[in-house]
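Engineer: When the letters of the sequence shown are read in order and numbered with full-length UniProt numbering, they come out as residues 1 to 149.
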Amino acid sequence: MSYKKGLEPENFYEYTVYPLEGIWDISEKAKESFDGTLDKNELVFTLMIRQPDFVNREYAVKAKEWAEKKKSNPLIEKLKFKELSDGKCVQMMHLGSYDNEQVSFDIMEEFCSQNNLKRKSKQHKEIYISDPRKVDPEKLKTVLRFEVE
1 MSYKKGLEPE NFYEYTVYPL EGIWDISEKA KESFDGTLDK NELVFTLMIR
51 QPDFVNREYA VKAKEWAEKK KSNPLIEKLK FKELSDGKCV QMMHLGSYDN
101 EQVSFDIMEE FCSQNNLKRK SKQHKEIYIS DPRKVDPEKL KTVLRFEVE
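(1) Enumerate in chain order the residues of its own chain whose CB-to-CB distance from residue 129 is below 7 Å, with the five nearest sequence positions on each side excluded.
(2) Excluding the five sequence neighbours on either side, which residues of its own chain have a C-beta within less than 6 Å of the C-beta of residue 64, listed in chain order?
(3) Pull up the distance between the alpha-carbon of residue 43 and that of residue 17, whole angstroms please.
(4) Helix, strand or coil for residue 8? Go by DSSP, reduced to three states.
(5) What are the boundary residues of the alpha helix (DSSP H) that residue 138 is part of?
(6) In the DSSP assignment, find the unbroken alpha helix (DSSP H) run with residue 114 in it and report its ends.
(7) Could you give the distance in angstroms between the alpha-carbon of residue 66 and the alpha-carbon of residue 76?
(8) Exposed or buried, what is residue 93 when buried is set at 16 or more other beta-carbons lying within 10 Å of its beta-carbon?
(9) Would you say the region 28 to 43 touches the region 53 to 64, given that touching needs at least three Cβ pairs under 8 Å?
(10) Among 52, 104, 97, which one has its Cα closest to the Cα of residue 135?
(11) Go ahead and pull the three-state DSSP assignment for residue 145.
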């Protein structure tokens, strides 16, 4: 937002930027031959940052146009504004390195088994509470979430 430059949207309020989120999955090729072992080279992901309620599609388009005029960055054209709903989910706070997330996923899978829930797919969301540039790997906090039925 650029409230300091008079470009603020209707109902604007100052806010703290939400944490980075990622939707993670494996490639279609990897799904065809998945044997339970994760090959990190086969990961596909989408990164996003939640926006406050006052940011709508129209304002996001304007902000993108403004950024393209101000900055020369080829990634700006890849920005998209999407509304997502996670549906019924199981989630937990994972503490530690990203490389150890499987321990938390195993706990979540066990919870599902005990509560008659079934994971919809191997796709999952990660919400990065800690900044890996500032926090030791063993102290990272990451919310792990996947959809269930």
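Where is the CB? At the ideal position from N, CA and C, for every residue including glycine.
Structural biologist: On the basis of the data shown:
(1) Taking the first residue of the sequence shown as 1, we reach residue 129 at position 129. Only 19, 141, 142, 143 meet the Cβ criterion.
(2) Position 64 of the sequence shown, counting from 1, holds the residue named residue 64. The answer, listed in chain order, is 79.
(3) Within the sequence shown, the letter at position 43 stands for residue 43. Within the sequence shown, the letter at position 17 stands for residue 17. So the two alpha carbons sit approximately 26 Å from each other.
(4) Locating residue 8 in the sequence shown gives position 8, where the first residue counts as 1. In the three-state scheme derived from DSSP, where H, G and I count as helix and E and B as strand, residue 8 is classed as coil.
(5) Sequence index remark: in the sequence shown, residue 138 carries index 138 (1-based). Per DSSP, residue 138 is not a residue of any alpha helix (DSSP H), being assigned neither H nor E.
(6) In the sequence shown, residue 114 corresponds to position 114, counting from 1. Per DSSP, residue 114 belongs to the alpha helix (DSSP H) from 101 to 114.
(7) In the sequence shown, the residue the question calls residue 66 occupies position 66. In the sequence shown, the residue the question calls residue 76 occupies position 76. Distance from the CA of residue 66 to the CA of residue 76, rounded to the nearest whole angstrom, comes to 10 Å.
(8) Start at 1 with the first residue of the sequence shown, and residue 93 comes out as number 93. It counts as exposed.
(9) No contact exists between the region 28 to 43 and the region 53 to 64.
(10) Your numbering for residue 135 matches position 135 in the sequence shown. Cα-wise, what sits closest to residue 135 is 97.
(11) The residue labelled residue 145 in the question sits at position 145 within the sequence shown. If DSSP states are grouped into helix, strand and coil, residue 145 belongs with the strands.
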